[in-house]
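Worksheet for the structure shown next.
Residue numbers (our numbering), protein chains in the order written: chain C, 472 to 701; chain E, 472 to 701.
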C-alpha cells in the first residue's frame, strides 16, 4: 500500500519530475599531438553523483562527461566527449533544459595547433607550445538571451581564496549559483569520495560540512528543486 | 602425477625462474599546476601483460607503472608512480635486474616550473609554458657501465616511419631490442587490446602479425628468455 501510495503521486520524492537537467562531469582532454594531451585530476565523481541524484529526484537527465573511470549512471542519457569544444557542442545539443549544472573541470586552454604526427625529441630541444582559450561553457550558457536554462550552476575548483574567487566567478559568468570547492593538495577533493563545498549566490554564501560527494549531490539537487519550483 | 612432475622440475615452462625482470608500464603524468597535467593515451595494457607473462615464466617481476585503470597483476611487485622522474627513481631502486623492459610511454618533457597554485585565466591571456627534457629512463639504464641489466628492451610508439625511427632509437639509446608499434590514429593500439609490433635489434627487424597484447607479451617473454639463456 505504501508503494501504491507513492506510485499514485509521482511528485512525492520526485520534485524534479517533468524537468530536464543537463550535467557536465569529469575532466576534458586537449590533444597536443596524436599521443599526448593535457588534462586534469577531476574524477567525475561529483558530477556523476549529481546526475544520479537528479534522476532519483525524477528529472530526465543528460550527462555530458569527459574521460572518467566511472560507469554511466543507470537511467541517465550519457554523452562521452574529450575536448572542451566537444563538450560545449554536446551541451548545446542537449538544450533546452530547466537546470544546467556544470561540474566538469573544463580545460581553460588548448594547444593552438594540434600536431598531426607525434612530436619528436629533436636537436632543437623541447617544443614550445602556444595556447588559445577554450570556449567558456558556463558563461556561454548562462549568458544566453534565448533558451537559457532557468537555473545555471557553475563549479569552482580553487586552491586559494576559495569563496572570494567563487563570488567573482558568479558575477563574471552570469550564472545563478557557484558550488566552490577547495582542491588544494591535501584536501583529497580531486579523486576522493568526500567534498566540502561553499554554495555562493547573489545573496551570500553557505558553507556545507564535509560530507560524501553523494550527500553533496543530494543536498544540491534538493536546493535546485526548491529554487526551480519557487 | 602431472602436477608433481611439474613441481619436481620448476624449470619446465618457467624459463625465467631465478631471474629478476623490471617492467615499466602506462603513461606518466607531468604536473602543470595542482590540478592540471600533461599525459598520454597509454593504457598500460601491453606493459602489464608483459609483467604477467614474465611472472608466468617464473621470473621475479617488479612493475613500475604510471596511472592506469588496470589492477596490479597478481604475484608482481607493483610500484605506482606519476612523473617520469618518479619512474626513473623507482626503476633505479628496483635494480639490479636480469632483464628490463621499458614499455611505459614516458613524457619526453615536463613543464619547467610547476605552479604552486592553480593557474588562473587572466587579462594576460593563456599562459605560455616552457618545457625541459625529462630524464631518459631507457638510455640511462641501457648505458650504465656498472649494473646494466643483461637485456634492455625499449618500446617505440611511432606514427610514421615506424621501423626507421625504431632503428635510430636502438642506436641512440644503446638498448638491445626495440619493440616498435604504430600508434597512429585508426590503429587503436593505444587503449586497444590488439597490437602489431616490429622487433628491431642490431641484426635486423622481425614483424609480428597483429595479435592480442597478451600474445605479444608471451612471445616477447619467450624471445627474452631464449636470449638471456644463450
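In this text, a Cβ means the ideal position worked out from N, Cα and C, and glycines have one as well. All values derive from a computational prediction rather than experimental measurement.
Beta-carbon proximity of residue 525 of chain C to residue 654 of chain C, cut-off 8 Å: Not a contact, by the Cβ cut-off of 8 Å.
When you compare the CB of residue 579 of chain E with every CB in chain C, is at least one pair closer than 8 Å? The Cβ of residue 579 of chain E sits closer than 8 Å to at least one Cβ of chain C.
If I measure Cβ to Cβ from residue 585 of chain E and keep anything under 6 Å in the same chain, skipping five residues before and after, which residues do I get? 502
Status (buried if at least 16 other CB within 10 Å, exposed otherwise) for residue 614 of chain C: exposed
From residue 474 of chain E to residue 494 of chain E, what distance separates their C-alpha atoms? Residue confidence for residue 474 of chain E is low, a pLDDT of 48 falling below 50, so the modelled location carries little weight; the figure read from the coordinates is stated next. Approximately 29 Å, taken between the alpha carbons.
Nearest-angstrom Cβ-Cβ length linking residue 683 of chain C and residue 664 of chain C, presumed shorter than 8 Å: 6 Å
Identity of the residue in E:533, E:548 and E:575 nearest residue 418 of chain E by Cα: In the structure as shown, chain E starts at 472 and stops at 701, and residue 418 of chain E therefore has no counterpart that could be examined.
Between the segment 588-608 of chain E and the segment 556-566 of chain E, do at least 3 Cβ pairs fall closer than 8 Å? yes
Just the Cα atoms here: how many angstroms apart are residue 639 of chain C and residue 676 of chain C? Distance between the alpha carbons of residue 639 of chain C and residue 676 of chain C: 12 Å.
Could I get the ranges of all uninterrupted beta strand (DSSP E) runs contained in the segment 497-538 of chain E, with 3 residues as the minimum, in chain order? 507-511 and 531-536
Residues of the segment 511-536 of chain C with a CB closer than 9 Å to any CB of chain E: list them in chain order, please. 511, 512 and 513
Counting only the same chain and skipping the five closest in sequence on each side, list residues whose C-beta sits under 7 Å from that of residue 544 of chain C. So the list reads 519, 522, 523, 526 and 534, once near-sequence residues are dropped.
Could one say the Cβ of residue 550 of chain E lies closer than 8 Å to chain C's Cβ atoms, at least one of them? no
Any beta carbon of chain A sitting closer than 8 Å to that of residue 573 of chain E? Among the protein chains of the structure shown, namely C and E, there is no chain A.
So which of C:611, C:646 and C:697 has the shortest CA-CA distance to residue 623 of chain C? Per the Cα distances, C:646.
Could you check what DSSP says for residue 629 of chain C in three-state terms: helix, strand or coil? strand
Going by DSSP, what residues sit across from residue 706 of chain E in a beta bridge? As shown, chain E starts at 472 and ends at 701. That puts residue 706 of chain E outside it, with no answer to give.
Who are residue 677 of chain E's beta bridge partners in DSSP? DSSP output for residue 677 of chain E lists E:670 as bridge partner(s).
Can you look up residue 494 of chain E in the DSSP assignment and give me helix, strand or coil? Strand.
Residue 701 of chain C versus C:686, C:621, C:548 and C:669, residue with shortest Cα-Cα distance: C:621
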